[in-house]
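Only one structure is covered here, and it is reproduced in the block below.
Protein chains: 2
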Amino acid sequence: MPDPGTLTEVANDRPGPALNAAMAETSEAVSARLSELLPEVDAPEGRVAAAMRYSALAGGKRLRPFLVVRSAALFNVSPHAALTVAAALEMIHTYSLIHDDLPAMDDDDLRRGRPTCHRQFDEATAILAGDGLLTRAFEVLADPVSHADPSVRCELVRELAEAAGAHGMVGGQMVDLMVERGIGSPEIDVAGITRMHQMKTGRLILFAGIAGPIMGKASSRMRASLHAYARDLGLAFQIADDVLDETGSAQDLGKTPGKDAAAGKSTFVTLLGLEEARSRAKLLSDQAVAHLDVFGPEADLLRAVARFVVERDR
Amino acid sequence: MPDPGTLTEVANDRPGPALNAAMAETSEAVSARLSELLPEVDAPEGRVAAAMRYSALAGGKRLRPFLVVRSAALFNVSPHAALTVAAALEMIHTYSLIHDDLPAMDDDDLRRGRPTCHRQFDEATAILAGDGLLTRAFEVLADPVSHADPSVRCELVRELAEAAGAHGMVGGQMVDLMVERGIGSPEIDVAGITRMHQMKTGRLILFAGIAGPIMGKASSRMRASLHAYARDLGLAFQIADDVLDETGSAQDLGKTPGKDAAAGKSTFVTLLGLEEARSRAKLLSDQAVAHLDVFGPEADLLRAVARFVVERDR
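Printed below as a string of structure tokens:
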């Protein structure tokens with residue numbers, strides 16, 4: 001139970017099945033929207049379009065799209081526009097996975113149980129597919145289909161570019177690689193690993209939280225609430241990932257547990273210990289929920305997903 | 001001499017020195033703007049920022065920025081805004097060179113006489129530097145610094161994304177690789193190679209031609225003129241490149257001449273023969289100049305650059 005001294009309104013706990021159903025519904029809707037926005041191309045260059053579709057339509061939890069869609073719903077944003085922005089964000093997430101999996105980066109053969117893009121196609125095609133998805137995401141955001149107001153579209157482009165760029169996701173990936181390969185000063189402490197994850201994965205999750213208030217032209221108070229919610233949720237998600245890597249079963253995870261720690265990689269678990277990591281993830285999840293106090297029951301699914309990220313078993 | 005039956009107003013030929021001076025001035029100004037927009041970063045992730053700067057500030061002809069700046073000047077666009085858009089376009093061009101040079105793509109060690117990004121840093125850093133430049137370009141275009149009107153900024157983002165994406169530059173690069181590696185049907189004829197180049201290099205040059213009229217909210221007639229100008233200039237540029245590859249000296253080119261043809265790669269020269277390729281490039285250059293008939297002497301530098309691309313020796 002969260003500490004009642006720091007949290008209010010921890011009630012409205014939705015049962016797991018409601019969250020599962022809502023997440024499955026969004027996942028299906030965003031896949032359909034991605035399929036529309038990334039059509040097959042009957043021309044020689046169709047090979048790169050096919051690789052983009054292969055990776056973008058591979059499924060996954062679709063956590064970021066869910067956050068976009070649910071936070072947009074708080075402000076009566078058109079569901080079609082929200083799904084469009086969610087799809088653009090998922091294109092950026094997908095491109096980052098394709099490039100991260102490349103031989104020169106993490107060199108992974110499997111992603112979500114299927115061959116990675118460069119194993120299914122080839123390395124050059126995978127590089128281009130990532131580039132194509134990154135480019136397409138901004139094209140979609142800048143199009144009137146994502147919002148009627150061009151100043152809102154520009155803000156979405158700017159915020160997402162900042163989140164994905166050299167000071168956000170790309171910068172976090174750079175630091176992660178440097179630590180792993182001992183480039184520069186390879187020592188990393190809890191503050192360093194927190195900063196790295198806030199850049200590498202946190203910034204995109206943050207965008208997912210504020211896309212709704214941007215589209216809905218929400219008050220700065222409501223936008224700040226969702227900003228704080230997504231920030232804490234993003235970090236909770238990452239710490240929970242490290243905990244799962246240590247404790248999960250290979251079957252649940254779809255990969256070998258303990259791989260990061262065994263590779264000598266610093267994680268929240270190696271730096272904090274299992275119990276402290278668990279307790280921090282739980283605290284952050286509780287804090288994320290508390291940031292939603294400004295909203296009523298209409299934010300219950302966002303509350304439920306903040307609990308889900310630390311309670312999931314994969 | 002161009003055929004007087006198809007061309008009018010081929011006068012106003014500026015001497016080479018005026019064009020050279022103007023191109024050198026733009027090149028310096030765009031490098032300065034790129035340096036401002038891509039600052040050094042004093043943090044662990046500064047490594048990727050350094051790689052982005054290394055490649056973006058390596059110089060080069062800066063043909064695309066020159067087209068942006070000169071076409072924007074026709075419509076009294078603020079020079080600072082034009083340079084900002086020119087710098088964003090050059091970031092996209094630079095990212096494409098970084099990724100094209102990667103071992104999985106063209107595997108080049110030298111670019112503009114210096115080690116390529118992945119040789120100077122490492123492969124992972126080069127992939128991330130390209131991703132970072134691509135992302136930063138859209139962030140800059142969507143920022144008020146590129147234009148006061150958000151609908152203009154959105155149009156710039158959309159047009160550049162379309163030019164750079166899977167139906168433009170990335171698609172052209174895909175086709176080029178497929179032809180080279182015999183993926184799919186490797187046969188390519190003049191129509192096929194023309195289409196490939198129009199995607200791979202032509203679309204970005206096209207954007208360079210229309211960025212000015214977009215920023216200046218020019219009439220559709222003037223925009224169409226610059227569109228046609230840039231389309232013909234882009235193809236003339238590519239054919240001239242193939243001619244130079246066949247006839248240029250190693251010293252002028254900074255690379256081994258005849259390398260493409262020796263590698264069994266189809267070029268305009270192998271498909272058309274040297275004389276026919278030369279004559280097509282000249283015809284396209286003349287056509288490009290003719291499309292500027294709607295403008296007066298204020299477009300003389302654009303006329304001069306259309307002649308320059310087919311007359312240059314490197």
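Chains A and B, in that order, give the protein sequences. Once you know that position 224 of the first sequence is 224 in my numbering, the rest is easy, because the numbers rise by one and skip nothing. Once you know that position 103 of the second sequence is 103 in my numbering, the rest is easy, because the numbers rise by one and skip nothing. Where a beta carbon is used, it is the ideal one built from N, C-alpha and C, also for glycine. As the structure is a computational prediction, the values presented were derived from the model and not from experiment.
message = Since B:Ala277 and B:Ala288 should fall inside the 8 Å C-beta cutoff, what is the C-beta to C-beta distance between them, to a whole number of angstroms?
response = For the purposes of this step, residue 277 of chain B is taken as residue 277 along the second sequence, with counting starting at 1. For the purposes of this step, residue 288 of chain B is taken as residue 288 along the second sequence, with counting starting at 1. Incorrect: roughly 17 Å between the Cβ atoms, too far for contact.
key: Beta-carbon gap between B:Asp101 and B:Arg111 smaller than 7 Å   = Looking up residue 101 of chain B in the second sequence gives position 101. Looking up residue 111 of chain B in the second sequence gives position 111. The answer is yes: Cβ separation under 7 Å.
query = Relative to chain A, which residues along the region 47-81 of chain B have a C-beta separation below 8 Å, given in chain order?
reply = Arg47, Val48, Ala49, Met52
query = Going along chain B, which residues have a C-beta under 8 Å from A:Ile127?
reply = Reading the first sequence from its first residue, position 127 is the one you call residue 127 of chain A. By Cβ distance, chain B contributes His99, Leu102, Ala104, Met105, Ile127.
task = Quick one: measure Cβ to Cβ for A:Ala142 and B:Ala126, integer angstroms, because I've assumed they're closer than 8 Å.
result = If you number the first sequence from 1, residue 142 of chain A lands on position 142. If you number the second sequence from 1, residue 126 of chain B lands on position 126. Contact doesn't hold; Cβ gap of about 27 Å is too wide.
inquiry  = With three or more beta-carbon pairs closer than 8 Å as the criterion, would you say the region 198-217 of chain B touches the region 17-37 of chain B?
reply    = no
inquiry  = At a cut-off of 6 Å, would you count A:Phe75 as near the ligand MG, judging by its Cβ distance to the nearest heavy atom?
reply    = In terms of ligand content, the structure shown is empty, and the ligand MG therefore cannot be addressed.
Per-residue contacts from B:Glu162 into chain A (C-beta, under 7 Å) = Reading the second sequence from its first residue, position 162 is the one you call residue 162 of chain B. Per Cβ cutoff of 7 Å: Glu139.
key: A:Lys282 - containing alpha helix (DSSP H), residue span   = Along the first sequence, read from residue 1 onward, the residue named residue 282 of chain A stands at position 282. Run containing A:Lys282: 274-290, per the alpha helix (DSSP H) assignment.
key: Proximity test, Cβ basis, 7 Å: A:Met174 and chain B   = Along the first sequence, one-based indexing puts residue 174 of chain A at 174. A:Met174 counts as touching chain B.
request  = Taking B:Glu123 as the reference, give the member of A:Arg47, A:Ala304, A:His99 with the closest Cα.
outcome  = Position 123 of the second sequence, counting from 1, holds the residue named residue 123 of chain B. Answer by Cα proximity: A:His99.
key: Rounded C-alpha distance that separates B:Met52 from B:Leu128   = On the second sequence, residue 52 of chain B is found 52 positions in, with the first residue counted as 1. On the second sequence, residue 128 of chain B is found 128 positions in, with the first residue counted as 1. The alpha-carbon atoms of B:Met52 and B:Leu128 are separated by roughly 9 Å.
request  = Give every residue of the same chain whose Cβ lies closer than 7 Å to the Cβ of B:Ala299, excluding the five residues on either side of it in the sequence, and list them in chain order.
outcome  = Translated into positions along the second sequence, residue 299 of chain B becomes position 299. Excluding sequence neighbours, B:Ala299 sits near Leu74, Leu292.
CB of B:Ile205 within 7 Å of CB of B:Ala230, strictly = Locating residue 205 of chain B in the second sequence gives position 205, where the first residue counts as 1. Locating residue 230 of chain B in the second sequence gives position 230, where the first residue counts as 1. Yes, they are a contact pair.
query = Rounded to whole angstroms, how far is the Cβ of A:Val30 from the Cβ of A:Ala87, which I believe are closer than 8 Å?
reply = On the first sequence, residue 30 of chain A is found 30 positions in, with the first residue counted as 1. On the first sequence, residue 87 of chain A is found 87 positions in, with the first residue counted as 1. With 8 Å as the limit, A:Val30 and A:Ala87 qualify as a contact, their Cβ atoms being about 6 Å apart.
Three CB pairs or more closer than 8 Å across the region 47-67 of chain A and the region 178-191 of chain A = no
ask   = Under a three-way DSSP split, which group does B:Arg62 fall into?
value = To locate residue 62 of chain B, count along the second sequence from 1; it is residue 62. Residue state, collapsed to three classes: coil.
task = Assign A:Gly234 to buried or exposed, taking buried as 16 or more other Cβ atoms, counted over all protein chains shown, within 10 Å of its Cβ.
result = Taking the first sequence and counting its residues from 1, one reaches residue 234 of chain A at position 234. By the 10 Å Cβ count, A:Gly234 comes out buried.
inquiry  = Please classify A:Gly5 as buried or exposed, where buried requires at least 16 neighbouring CB atoms within 10 angstroms.
reply    = To locate residue 5 of chain A, count along the first sequence from 1; it is residue 5. With a pLDDT of 34 at A:Gly5, under the threshold of 50, the modelled position of this residue cannot be trusted; read the value that follows with caution. It is exposed - the Cβ of A:Gly5 has fewer than 16 other Cβ atoms within 10 Å.
message = I believe B:Met91 touches B:Ala56 by the beta-carbon criterion, under 8 Å. Please report the beta-carbon distance rounded to the nearest angstrom.
response = Counting from one through the second sequence, the residue named residue 91 of chain B turns up at place 91. Counting from one through the second sequence, the residue named residue 56 of chain B turns up at place 56. At roughly 6 Å, the Cβ-Cβ gap stays under 8 Å, so B:Met91 and B:Ala56 are in contact.
inquiry  = Does A:Pro17 pass the burial test, meaning 16 or more other C-beta atoms within 10 Å, or should it be called exposed?
reply    = Here residue 17 of chain A corresponds to residue number 17 of the first sequence, with the count starting at 1. Counting Cβ neighbours within 10 Å, A:Pro17 comes out exposed, since fewer than 16 surround it.
ask   = Is B:Arg112 helix, strand or coil by DSSP?
value = One-based indexing of the second sequence puts residue 112 of chain B at position 112. Looking at B:Arg112 - three-state DSSP - the assignment turns out to be coil, as it is neither helix nor strand.
task = Determine, using beta carbons only, whether A:Pro213 comes closer than 7 Å to chain B.
result = Taking the first sequence and counting its residues from 1, the one referred to as residue 213 of chain A is at position 213. No, A:Pro213 does not count as interfacial toward chain B.
ask   = Which of the three DSSP states, helix, strand or coil, is assigned to B:Thr84?
value = Along the second sequence, one-based indexing puts residue 84 of chain B at 84. Correct three-state label for B:Thr84: helix.
message = Within 7 Å of any Cβ in chain A, is that where the Cβ of B:Gly132 sits?
response = Residue numbering aside, residue 132 of chain B sits at position 132 when the second sequence is read from its first letter. Chain A, which has a Cβ nearer than 7 Å to the Cβ of B:Gly132, makes this yes.
inquiry  = Assuming the contact rule is C-beta atoms closer than 8 Å, A:Ala32 and A:Met215 should be a hit. Round their C-beta distance to whole Å, please.
reply    = What you label residue 32 of chain A is simply residue 32 of the first sequence in a count that begins at 1. What you label residue 215 of chain A is simply residue 215 of the first sequence in a count that begins at 1. Actually they are not in contact, since the Cβ atoms of A:Ala32 and A:Met215 sit about 20 Å apart, beyond 8 Å.
inquiry  = Please report the straight-line C-alpha distance between A:Ala164 and B:Gly184, rounded to a whole angstrom.
reply    = Numbered from 1 along the first sequence, position 164 holds the residue referred to as residue 164 of chain A. Numbered from 1 along the second sequence, position 184 holds the residue referred to as residue 184 of chain B. A:Ala164 and B:Gly184: Cα-Cα distance of roughly 34 Å.
Supposed close pair B:Ser146, B:Leu156 - CB separation, criterion 8 Å = By 1-based counting over the second sequence, the position of residue 146 of chain B is 146. By 1-based counting over the second sequence, the position of residue 156 of chain B is 156. That belief holds up - the Cβ atoms of B:Ser146 and B:Leu156 are roughly 7 Å apart, short of 8 Å.
task = Would you decide whether B:Asp131 is buried or exposed? Buried here means 16 or more other CB atoms lie within 10 Å of its CB.
result = Taking the first residue of the second sequence as position 1, residue 131 of chain B is located at position 131. Burial call: buried.
inquiry  = For A:Phe237, tell me which candidate among A:Met222, A:Ala263, A:His197, A:Thr270 has the shortest Cα-Cα distance.
reply    = Locating residue 237 of chain A in the first sequence gives position 237, counting from the first residue. Closest option to A:Phe237, Cα to Cα, is A:His197.
query = Quick one: which chain B residues come within Cβ less than 7 Å of A:Val157?
reply = In the first sequence, residue 157 of chain A corresponds to position 157, counting from 1. The answer, in chain order, is Phe138, Ala142, Val157.
ask   = If you compare alpha carbons, which of B:Val294, B:Gln120, B:Met169 is closest to B:Ser71?
value = Counting from 1 along the second sequence, the entry for residue 71 of chain B is found at position 71. Taking only the C-alpha atoms, the option nearest B:Ser71 is B:Val294.
ask   = In chain order, what residues of the same chain lie with their CB nearer than 8 Å to the CB of A:Arg47, ignoring the 5 residues before and after it?
value = Taking the first residue of the first sequence as 1, we reach residue 47 of chain A at position 47. Excluding sequence neighbours, A:Arg47 sits near Phe121, Thr125.
request  = Report yes if the CB atom of B:Gly172 is closer than 7 Å to the CB atom of B:Lys217, and no otherwise.
outcome  = Within the second sequence, numbered from 1, the residue matching residue 172 of chain B stands at position 172. Within the second sequence, numbered from 1, the residue matching residue 217 of chain B stands at position 217. No, they are not a contact pair.
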